[in-house]
Amino acid sequence: MHLDLRHLGAKKLHERLPFICELAKAYVGVDPVNEPIPVRPTAHYTMGGIETNQRTETRIKGLFAVGECSSVGLHGANRLGSNSLAELVVFGRLAGEEAVRRAQEATPANASALDAQTRDIEDNLKKLMNQKGSENWAQIRDEMGEAMEEGCGIYRTPELMQKTIDKLTELKERFKHVEIKDTSSVFNTDLLYKIELGFGLDVAECMAHSAFNRKESRGAHQRLDEGCTERDDVNFLKHTLAFYNPEGAPRLEYSDVKITKSAPAKRVYGGEATAQDKQNKEKANG
Numbered sequence: 001m002h003l004d005l006r007h008l009g010a011k012k013l014h015e016r017l018p019f020i021c022e023l024a025k026a027y028v029g030v031d032p033v034n035e036p037i038p039v040r041p042t043a044h045y046t047m048g049g050i051e052t053n054q055r056t057e058t059r060i061k062g063l064f065a066v067g068e069c070s071s072v073g074l075h076g077a078n079r080l081g082s083n084s085l086a087e088l089v090v091f092g093r094l095a096g097e098e099a100v101r102r103a104q105e106a107t108p109a110n111a112s113a114l115d116a117q118t119r120d121i122e123d124n125l126k127k128l129m130n131q132k133g134s135e136n137w138a139q140i141r142d143e144m145g146e147a148m149e150e151g152c153g154i155y156r157t158p159e160l161m162q163k164t165i166d167k168l169t170e171l172k173e174r175f176k177h178v179e180i181k182d183t184s185s186v187f188n189t190d191l192l193y194k195i196e197l198g199f200g201l202d203v204a205e206c207m208a209h210s211a212f213n214r215k216e217s218r219g220a221h222q223r224l225d226e227g228c229t230e231r232d233d234v235n236f237l238k239h240t241l242a243f244y245n246p247e248g249a250p251r252l253e254y255s256d257v258k259i260t261k262s263a264p265a266k267r268v269y270g271g272e273a274t275a276q277d278k279q280n281k282e283k284a285n286g
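Mapping to full-length UniProt numbering: the sequence shown position 68 is 68, numbers consecutive.
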């Protein structure tokens with residue numbers, strides 16, 4: 001699929017859509033003045049995240065999460081447009097209020113534990129900075145992205161998801177041998193990208209294993225294998241909880257979905273949506 005803007009001409013493209021022109025040239029080597037721009041799906045939002053309660057607090061007392069990194073329960077399996085903005089406004093305020101409250105409850109007795117945790121983090125950063133090896137973080141990051149697109153893209157099969165899981169296991173092992181060139185302690189983007197890659201591999205592994213074990217289709221998770229193409233509320237009307245496992249694959253657990261007002265429903269578009277609206281109105285009118 002391609003987006004053809006050539007009919008607009010160079011002058012209008014450069015005046016009205018300069019950023020689009022820059023992106024096309026930088027990322028796919030295409031000049032929209034002369035060539036159509038290739039169009040492809042991409043991930044643009046993470047609907048899951050760190051589990052929190054309705055006050056944005058995680059299972060770790062005093063640790064709060066809000067926004068795209070969190071999972072407070074607003075989005076379900078398919079986020080509605082603009083929901084994330086409301087989430088930030090409402091739960092951002094809650095997180096701030098709760099963090100202040102927790103800080104006011106802190107006592108001097110907590111200081112030694114915090115100092116110990118700080119030293120652990122500093123030691124880990126030093127290990128990452130001084131680690132020797134032949135691997136490059138950029139290469140591993142690219143391979144991680146390719147693997148996730150192949151196995152955890154729009155349509156999923158068990159074979160491709162398993163292939164992605166195997167690839168991520170390999171990449172996590174190779175990550176242990178990533179060496180960075182910059183060992184400075186100020187504005188070290190080399191170290192920053194390496195840290196992000198380590199966390200990214202953990203998150204990717206959680207996503208891949210969760211998808212593989214969810215044998216149904218729901219929201220943004222769509223499987224093509226027989227018996228898994230429809231929603232299965234009997235077995236999978238549940239949240240997937242992934243727990244870190246230093247010995248290997250993440251440990252998965254499930255928690256029940258609390259339904260208060262609106263039951264899960266299929267998200268439909270176009271003619272199917274019109275027909276469903278008509279059917280709902282007929283039911284409402286008796």
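The beta carbon of each residue, even a glycine, is placed where N, CA and C say it ideally should be.
- Setting aside the 5 residues that flank it on each side, Lys172 is surrounded in the same chain by Leu201, each with a C-beta closer than 6 Å to its C-beta; the list follows chain order.
- Taking a cut-off of 8 Å for Cβ pairs, the stretch 45-57 and the stretch 68-75 touch, as three or more such pairs fall below it.
- Taking a 10 Å sphere around the C-beta of Lys167, we find 16 or more other C-beta atoms and assign the residue as buried.
- Between the alpha carbons of His7 and Ala43 lies a distance of about 29 Å.
- Shortest Cα-Cα distance from Ala95 to any of Thr52, Glu122 and Gly9 involves Thr52.
- Relative to the Cα of Gly62, the nearest Cα in the group Ala103, Glu143, Thr183 and Lys181 belongs to Ala103.
- Per the C-alpha coordinates, the member of Thr229, Val203, Ala204 and Cys206 positioned closest to Lys215 is Thr229.
- Inclusion of His209 and Ala249 in the CB contact set at 9 Å is warranted, their separation being smaller than that value.
- Every candidate beta strand (DSSP E) stretch fails here, since none sits fully inside the stretch 89-141 while reaching 3 residues.
- C-alpha of Ala242 to C-alpha of Ile20: approximately 38 Å in a straight line.
- Going by DSSP, Glu272 is part of the alpha helix (DSSP H) stretching over Gly270 to Ala284.
- Boundaries of the beta strand (DSSP E) harbouring Arg251: Arg251 to Asp256, taken from the DSSP string.
- The shortest C-alpha to C-alpha distance from Phe175 to any of Gln162, Asn136 and Gly271 is the one to Asn136.
- Per DSSP, the beta bridge partners of Arg223 are Arg156.
- For Lys238, the three-state secondary structure derived from DSSP is strand.
- Shown here, Arg40 sits in coil according to DSSP, grouped into three states, outside any helix or strand.
- Going by DSSP, Asp232 is part of no alpha helix (DSSP H) at all; its letter is neither H nor E.
- Glu68 sits close to Ser84, with the two beta carbons spaced by under 9 Å.
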